[in-house]
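Reading through the structure tokens given below for one structure.
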Amino acid sequence: MNDFYITWEYLVIYLIPSIISIISLRLVKIQGTDQFYHELIIRAIKNNRNRFIKENPYIIGDNNMAYPQLLHWVLSFFPLKNIARNAIIINLFSTMISAISLFLFVNFILAFPQFDFLENQKKVVLLTGLAYASFPFSYDMINAKNMGISARGIGLFLGQAYLYLISLYLITENLYFLALLIPISILIFFSSAFSMQFILFATPIISALSLNIYIFIPLLLAFFICYGLKPHFFKGQFTHKKLYKLHLAERYILQTRFSIWRDLVYDFWILVFDKKVSMVEKIKYISSNSIVVVVSSMPFAILTLVYFIHNPTFPFLFIPILSCFMVFLLTCFRNTRFLGEPERYLEFCLGYLSIVAALGCMVFPSLYWLLFGYSVLFIALRLFFYVYYSKTNRNVIRRDEVKEIKENLERIIDEKPNNSNNILSNSTQYAKILLNPKWKTFWHPLFQQNVGKYHFVDLFPESYDFISENVIPDLIADFSINYFLCDYTRVESSRKHFIEGLEKKGIVLDNVMTNTDDNNLILYKVCQKS
77 MNDFYITWEY LVIYLIPSII SIISLRLVKI QGTDQFYHEL IIRAIKNNRN RFIKENPYII
137 GDNNMAYPQL LHWVLSFFPL KNIARNAIII NLFSTMISAI SLFLFVNFIL AFPQFDFLEN
197 QKKVVLLTGL AYASFPFSYD MINAKNMGIS ARGIGLFLGQ AYLYLISLYL ITENLYFLAL
257 LIPISILIFF SSAFSMQFIL FATPIISALS LNIYIFIPLL LAFFICYGLK PHFFKGQFTH
317 KKLYKLHLAE RYILQTRFSI WRDLVYDFWI LVFDKKVSMV EKIKYISSNS IVVVVSSMPF
377 AILTLVYFIH NPTFPFLFIP ILSCFMVFLL TCFRNTRFLG EPERYLEFCL GYLSIVAALG
437 CMVFPSLYWL LFGYSVLFIA LRLFFYVYYS KTNRNVIRRD EVKEIKENLE RIIDEKPNNS
497 NNILSNSTQY AKILLNPKWK TFWHPLFQQN VGKYHFVDLF PESYDFISEN VIPDLIADFS
557 INYFLCDYTR VESSRKHFIE GLEKKGIVLD NVMTNTDDNN LILYKVCQKS
């Protein structure tokens with residue numbers, strides 16, 4: 077190994093995504109509905125003497141808390157009034173630490189003899205930083221890591237660190253790097269479900285590609301340690317995947333896109349010539365296809381492929397990249413898309429793609445700068461679109477209306493305190509916004525099949541977006557609902573018929589607040605129950 081030194085002057089380039097991310101959060105006002113769920117987990121942990129919780133006390137009915145709680149546990153030690161501000165800090169911290177880890181990794185590996193052929197290693201550090209900062213995919217503002225409280229950013233960093241340690245082990249064969257995979261794996265299990273899925277899928281692939289069984293051992297040890305500590309967590313995660321596989325995928329994911337691969341040979345072309353579909357809807361559908369996302373939002377993957385064909389060396393770089401792409405392909409099929417958006421798995425190898433792109437620039441400089449220019453333009457257009465979207469999109473505006481209803485409900489309950497206030501909404505998205513420590517909200521946590529006597533299919537026979545109107549009278553009666561937020565856009569029968577059906581069950585609703593021009597969103601107080 078050559079003398080190792082760090083080119084600190086280039087670190088600021090790696091931090092560009094963090095800087096742009098903070099600016100974007102200020103400009104783009106799109107707050108995910110999961111924000112309120114995360115806030116309640118933090119509050120519940122704090123009230124549980126800063127210990128992990130087994131169920132969410134603010135959700136109606138018995139529930140299994142199988143959501144990774146490590147980040148929430150850390151935040152529970154801070155004042156609850158700063159939760160919103162902490163969301164921005166989490167975003168900044170996760171993007172910065174990911175950037176710094178890549179910066180240190182590329183500086184470290186360039187000191188090895190494998191890179192002696194490079195005349196200017198500092199230039200590679202610079203070009204890696206420029207490539208890393210110009211991935212359009214990193215600036216997707218509807219990605220959980222870029223909006224509100226989410227462990228996605230921390231999980232992404234831990235998953236990237238996991239791959240870097242594997243690469244360092246492949247280069248040095250030093251068992252120290254292999255041993256570090258154990259605590260990293262444990263942190264991943266308890267902090268991010270998506271990163272947990274990634275290492276479970278990618279590790280055996282990396283082990284097979286490198287012909288090294290030892291790479292698989294730290295993950296197994298970490299799994300058995302974590303399972304021994306929190307068996308209910310893994311059981312809940314298994315149920316979550318089971319519900320997605322059996323019910324949610326068919327009714328929620330596959331209805332909007334039959335097949336990622338069929339799109340390319342059939343659905344795209346049918347859509348393009350369909351005069352009934354607007355141009356905006358056509359662009360939205362085509363651009364959200366996972367294959368299109370990779371080509372358009374990760375353009376340096378093209379240079380990586382070209383360079384690999386030109387110089388198929390550096391297995392410690394190409395094996396992690398190949399494993400990420402194999403996980404991407406494995407989750408692209410119709411029967412495996414319930415495992416998450418396939419392109420998200422490629423985010424774990426953005427650092428590797430940046431390094432290989434920098435190496436590729438030495439051989440194909442024109443292609444590098446062409447892709448760089450395209451990426452900068454794409455990022456500018458993407459950020460402009462999100463600013464426009466946050467100010468005009470009806471769904472975003474409607475969420476703000478639900479927040480106003482929630483604030484009004486808080487005032488009503490504060491005036492007439494009641495320890496047993498229970499809230500129900502037929503919209504699952506609005507139910508998450510209504511989550512509040514002042515009452516209990518009916519919401520299916522997806523870590524169990526039943527809520528009381530109601531199976532998932534009873535509640536959501538068609539779509540997870542809304543509860544079946546047929547079961548709402550029984551829910552109101554069985555769970556002693558005090559307030560009901562009805563989204564009439566989710567009610568198939570006429571409004572009169574819906575109200576009469578409730579009255580037949582002895583349920584009388586009193587209009588408390590109507591907050592929309594079209595009168596389709598109404599908060600009711602349940603005044604009488606038989």
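Start counting the sequence shown at 77; every next residue gets the next number (this note's numbering). C-beta atoms are modelled at their ideal positions from N, C-alpha and C, and glycine is treated no differently. Here the structure is a predicted model, which is why all the values come from computation and not from measurement.
Taking all protein chains shown into account, decide if Asn250 is buried (16 or more other Cβ within 10 angstroms of its Cβ) or exposed. exposed
**Study point:** DSSP bridge partner residues for Cys562 (one or two, in chain order)
**Key:** Ile598
Bridge partners for His531 per DSSP, in chain order?
Asn526
Inset, instruction - Grab me the residues of Arg566's own chain with a C-beta within less than 6 angstroms of its C-beta, minus the 5 sequence neighbours each way, in chain order. - result: Asn502, Ser503 and Phe542
### Task
Ignore the nearest five residues each way along the sequence and tell me which others in Thr366's own chain have a CB closer than 8 angstroms to its CB.
Before going on, a small fix: residue 366 reads as Ser here, not Thr. Hits under 8 angstroms: Ile336, Phe404, Cys408, Glu417, Pro418 and Glu419.
> Is the beta carbon of Leu511 less than 8 angstroms from the beta carbon of Leu561?
Replying inline: no
*Opposite Leu585 in the DSSP bridges: which residues?*
Val602
Going straight from the alpha carbon of Lys199 to that of Phe266, what length do you get? 38 angstroms
Closer than 8 angstroms is the cut-off here; do at least three beta carbon pairs connect the segment 373-389 with the segment 428-439? yes
### Query
Rounded to a whole number of angstroms, what is the C-alpha to C-alpha distance between Phe65 and Arg458?
Since the first residue shown for the chain is 77 and the last is 606, residue 65 is missing from the structure and cannot be characterised.
Just tell me which of Lys358, Leu340 and Leu406 has its CA closest to the CA of Leu347. Lys358
Let me check understanding here. Comparing Cα to Cα, which of Pro212, Leu91, Leu429 and Ala175 lies closest to Val369?
Pro212
- prompt: Within the chosen definition, does the segment 228-238 reach the segment 267-276 through at least 3 CB pairs nearer than 8 angstroms?
  reply: yes
Open item on the list: With H, G and I counted as helix, E and B as strand and the rest as coil, what does DSSP make of Leu500?
Closed with: strand
List the endpoints of the continuous alpha helix (DSSP H) containing Gln313.
Pro307 to Leu319
Item checked: Asn158 versus Leu443, Arg119 and Tyr506, residue with shortest Cα-Cα distance -> Arg119
*Please specify which runs of the alpha helix (DSSP H), each continuous and at least 4 residues long, are wholly inside the segment 261-297, giving them in chain order.*
269-285
### Query
Would Gln236 pass as a contact of Ser152 if the rule is Cβ separation under 8 angstroms?
no
*asked:* Under 8 angstroms, with one C-beta from each stretch per pair, do the segment 202-211 and the segment 422-434 reach the 3-pair mark?
replied: yes
**Report entry** Between the CA atoms of Pro513 and Ser451 - distance to the nearest angstrom
**Finding:** 44 angstroms
- Message: Quick check: the segment 254-262 against the segment 286-299, are at least 3 beta-carbon pairs closer than 8 angstroms?
- Response: yes
Query raised in the report: What did DSSP end up calling Lys516 once you bin it into helix, strand or coil?
Result: strand
> What number of angstroms, rounded off, separates the C-alpha of Asn183 from the C-alpha of Leu87?
Replying inline: 11 angstroms
Taking only the alpha-carbon atoms, compute the straight-line gap between Thr171 and Thr412 and give it to the nearest angstrom. 29 angstroms
Cβ-based burial, Pro537 [other Cβ within 10 Å; buried from 16]
exposed
>> Between the alpha carbons of Ile548 and His520, how many angstroms are there, rounded?
In response: 14 angstroms
From what residue to what residue does the alpha helix (DSSP H) around Asn123 run? Asp110 to Asn123
Q) With distances taken from CA atoms, which of Ser539, Ile301 and Asp138 is nearest Leu330? A) Ser539
Point to revise | C-beta atoms of Phe274 and Phe392 nearer than 8 angstroms | key: no
Opposite Ile135 in the DSSP bridges: which residues? Thr517
Worksheet item: How long is the line joining the alpha carbons of Phe253 and Phe310, rounded to whole angstroms?
Response: 27 angstroms
Next on the checklist: Can you check which of these residues, Pro280, Glu545, Leu186 and Ile225, is closest to Leu244 by C-alpha distance?
Outcome noted: Leu186
For this session: Just confirm the distance between the C-beta atoms of Gly312 and Asn140, as a whole number of angstroms; I'd bet it's less than 8 angstroms.
Result: 5 angstroms
Phe401, DSSP secondary structure in three states:
helix
*So Tyr564 packs on Asp586, CB below 8 angstroms; how close in whole Å?*
That pair is no contact at about 16 angstroms.
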